[in-house]
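Novice: Attaching a single structure in structure tokens format; questions to follow.
Right, dumping it as structure tokens:
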């Protein structure tokens, strides 16, 4: 992360009158960051940067996306007691939040039978790049980062402009580097979008059997090839197998970020080297 971001996070967390850490003798201590449950590690580099900022020696054998088990050591730490206490919550917040996203993403990836799993823009304001990075650590695809990455024509765009005018306008104004994605809710709209030259068609809140029929129809009409087909909405760990078998290319889920549970991670001081006489 950028230094200005890190210092902003630190300023928010420490505040202006940190009594709890300042009353602690600044002995040199050794500590461990430990996982309290199985999962996928993410936020390793961010936590390491936080520890480094506070002059804490942090060592780890893990990388982004490493599988971890309950009671595994994520970091071993060596530094001043006050510094470790001040870095603790911020580092654990990054690790817990990002590892939770990576863990849930990996669960979806494991059930998707090779279909690409992607995130969405349903992210925490100001924390998007870290949440997208966590999706990648879990084996997923970050999808577009912002509105400028891809021209996505959604239901409200179509409500205002109509499908044909929206796609035509996008074709006129989009850079050659930008794909045009159209959100559809039924077979007729999918066929229309394909005929209009959409690069990506996203089936929104459509049942798996309806998507399968639509993909077959697109193939029968000779307009399936060259189009990326994406499914989103109403997809869960329980039914993702049904969607993966439809012939879809991508499954995108806001749940990867907005519904992931934090991984339970703790910091434990193990040894104190007292400097008092």
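Numbering (full-length UniProt numbering), first residue to last: 1 to 277. The beta carbon of each residue, even a glycine, is placed where N, CA and C say it ideally should be. Just so you know, these numbers come straight off a predicted model, no measurement behind them.
If I follow the unbroken alpha helix (DSSP H) through residue 167, where does it start and stop?
Specialist: Working through the chain shown from its first residue, we reach residue 167 at position 167. Segment 163-173, the alpha helix (DSSP H) holding residue 167.
Novice: Considering only residues of the same chain and omitting the five flanking positions on each side of residue 42, which have a CB-CB separation below 6 Å?
Specialist: For this step, residue 42 is matched to residue 42 along the chain shown. Here the set comprises 64, 98, 99, 102, 134 and 137.
Novice: Touching or not, the region 14-33 and the region 236-243, by the rule of three or more beta carbon pairs under 8 Å?
Specialist: no
Novice: For residue 157, which residues in the same chain have their Cβ closer than 8 Å to its Cβ, ignoring the five residues on either side in sequence?
Specialist: The residue given as residue 157 occupies position 157 in the chain shown. Once the five neighbours on either side are set aside, the close Cβ partners of residue 157 are 166.
Novice: Taking only three categories from DSSP, how would you classify residue 154?
Specialist: Within the chain shown, the letter at position 154 stands for residue 154. Residue 154 carries a coil assignment under DSSP once its states are collapsed to helix, strand and coil.
Novice: Taking only three categories from DSSP, how would you classify residue 80?
Specialist: Counted from its first residue, the chain shown places residue 80 at position 80. Here residue 80 sits in strand by DSSP.
Novice: Between the beta-carbon of residue 67 and the beta-carbon of residue 25, is there less than 9 Å?
Specialist: Taking the first residue of the chain shown as position 1, residue 67 is located at position 67. Taking the first residue of the chain shown as position 1, residue 25 is located at position 25. No.
Novice: Among 92, 238, 36 and 35, which has the Cα closest to the Cα of residue 13?
Specialist: Within the chain shown, the letter at position 13 stands for residue 13. Closest by alpha carbon: 92.
Novice: Any idea if residue 277 is buried or exposed, counting beta-carbon neighbours within 10 angstroms, 16 or more meaning buried?
Specialist: Here the question's residue 277 lines up with position 277 in the chain shown. Summary for residue 277: the model assigns pLDDT 44, below 50, so the residue's position carries little reliability; its value from the coordinates is reported in the next sentence. In this structure residue 277 is exposed. Its beta-carbon is surrounded by fewer than 16 other beta-carbon atoms within 10 angstroms.
Novice: For the candidate residues 33, 38 and 216, whose alpha-carbon lies nearest to that of residue 51?
Specialist: Walking along the chain shown from the start, residue 51 turns up at place 51. For the residues 33, 38 and 216, the minimum Cα distance to residue 51 belongs to 33.
Novice: Leaving out five residues on either side along the sequence, give the residues of the same chain with a beta carbon under 6 Å from the beta carbon of residue 185.
Specialist: Translated into the one-based positions of the chain shown, residue 185 becomes position 185. Once the five neighbours on either side are set aside, the close Cβ partners of residue 185 are 204.
Novice: Okay, do the region 261-274 and the region 105-125 touch, 3+ Cβ pairs below 8 Å being the bar?
Specialist: no
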